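A short write-up of the structure that comes next.
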Amino acid sequence: MSELRFVRMGFGADAVEYQEAWDEQRRVHAARFADEVPDTVLLLEHPPVYTAGRRTADNERPLDGTPVVDVDRGGKITWHGPGQLVGYPIQKLPRPVDVVAHVRRLEEALIRTCAEFGLETSRVEGRSGVWVLGDPVEQRPSLGGLSLDFDPRLQDEEFDPRMNGPEYAPSNAGQRREDRKIAAIGIRVAKGVTMHGFALNVNPDNRWFDRIIPCGIRDAGVASLANELGRDVTIDEVLPVVERHLKDVLEHAELKPREIEKATA
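Numbering (the numbering used here), first residue to last: 90 to 354.
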């Protein structure tokens, strides 16, 4: 593929409002479709905002009525804000588009980034994004004095972790030694060109996630590089590392159309 272009839109005091970034994505998307610009990755921080993908259920949104921006990407509800590095790769792919392969490439670049900082991360079957794996279930501490065999998040469809104190909060998943997501991925492909992308938790206040059911997952939580490594990590440190691994993975990918199985008579 062609050389990848990076655009650093704004960080810290210059964080980019979500609507502004969404408008810029659509502008670059149209230009990429018309071959007026090369494949481009927009990199930025957002002020605090909740965004909901097309599959978000009503009971996963904030209980206190905090506004949520409904967007046209896949996936469910998440949070963006300070301390989180957001990337929007706008890339032309061969048709029919292999969406899963694109997601796996983004995951790979972020897994390599975390590894460079000394954190081992992984994929979880059936759950997109990049994860810090927890202990085996039998080795985890009990919740609320109950055996994990009776974890209400798994056994009670009406149980809401947002209303049951910090012991069930997504931000405390590391203390519970559960699987926890360090990077979320949600994309859209239109006219063979990708948009939306990933959010890597560098050093955010993960308590923002406690108001929602992050990505619709009730039995896991969220992580950050700073919390997992036990030291301060900044966006400035992580930004060039993410760019380098995205460049390596995306520029050297062997892009292929999705294989379509032909029906047999």
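Beta carbons: idealized from backbone N, C-alpha and C, even for Gly.
Computed from a prediction, not measured in an experiment: that's the story for all the values here.
Give me the Cβ distance between residue i and residue j, rounded to the nearest whole Å; I'm assuming they're in contact under 8 Å.
i, j, result
"I274", "L339", "With a Cβ gap of about 14 Å, I274 and L339 do not count as contacting."
"R94", "D128", "7 Å"
"Y177", "H285", "6 Å"
"A104", "P136", "5 Å"
"D187", "K345", "7 Å"
"Q298", "V311", "The question names Gln, yet the displayed sequence has Phe at residue 298. Between V311 and F298 the Cβ distance is about 5 Å, and since that is below 8 Å, they are a contact."
Is the distance from the Cβ of residue i to the Cβ of residue j below 9 Å?
i, j, result
"R265", "G305", "no"
"N295", "V322", "no"
"A141", "E149", "yes"
"V331", "L208", "no"
"I349", "V282", "no"
"I276", "L174", "no"
"V221", "I271", "yes"
"V96", "V138", "no"
"A288", "H169", "yes"
"R307", "E267", "no"
"R251", "L152", "yes"
"F100", "L328", "yes"
"P303", "T167", "yes"
"R143", "R115", "no"
"G263", "E326", "no"
Can you grab the Cα-Cα spacing for the pair residue i / residue j, in whole Å?
i, j, result
"E106", "R184", "32 Å"
"K165", "T145", "4 Å"
"V226", "A309", "12 Å"
"S236", "G319", "Its pLDDT being 49, under 50, S236 is placed unreliably by the model, and the measurement read from it follows with that caveat. Whole-angstrom Cα-Cα distance: 29 Å."
"S313", "A120", "34 Å"
"D112", "D240", "43 Å"
"F248", "V126", "49 Å"
"S211", "Q108", "31 Å"
"F206", "N290", "13 Å"
"E214", "P259", "19 Å"
"S217", "K280", "23 Å"
"K336", "E92", "8 Å"
"L182", "E197", "18 Å"
"E202", "D245", "Residue identity check: residue 202 is Thr in the sequence provided, not Glu. Roughly 37 Å between the two C-alpha positions."
"V117", "N253", "43 Å"
"D65", "A315", "Outside the shown range of the chain (90 to 354) lies residue 65, about which nothing can therefore be said."
"Y257", "M98", "36 Å"
"A204", "R269", "16 Å"
"P171", "R347", "36 Å"
Output the boundary residues of the alpha helix (DSSP H) element that contains residue i.
i, result
"K336", "I324 to E340"
"D112", "Y107 to F122"
"T202", "V188 to E205"
Would you give the residue range spanned by the beta strand (DSSP E) that residue i belongs to?
i, result
"N316", "No beta strand (DSSP E) contains N316, which is instead part of the alpha helix (DSSP H) from L314 to L318."
"T283", "V282 to N290"
"P94", "The sequence as given places Arg at residue 94; Pro does not occur at that position. R94 to G99 is the span of the beta strand (DSSP E), which, as asked, contains R94."
"A141", "V138 to A141"
"I179", "Q173 to I179"
"W297", "W297 -> no beta strand (DSSP E), and no H or E assigned at all."
"T129", "T129 to L133"
"D159", "V157 to D159"
"R212", "S211 to V213"
So if DSSP puts residue i in a beta bridge, which residue, or which two residues, is it bridged to?
i, result
"G254", "In the DSSP output, where bridge partners are listed per residue, G254 has none listed."
"K52", "Only positions 90 to 354 of the chain appear in this structure, which leaves residue 52 out of reach."
"T145", "Answer is none; T145 lacks a bridge partner."
"H169", "V138"
"I276", "H285"
With 9 Å set as the bound, which would you pick, yes or no: does the beta-carbon of residue i sit closer than that to a beta-carbon of chain B?
i, result
"R216", "Here chain B cannot be found, since the structure has a single protein chain."
Considering only heavy atoms of the ligand COA, does any lie closer than 8 Å to the CB of residue i?
i, result
"E214", "Absent from the structure shown: the ligand COA. Ligands present: none."
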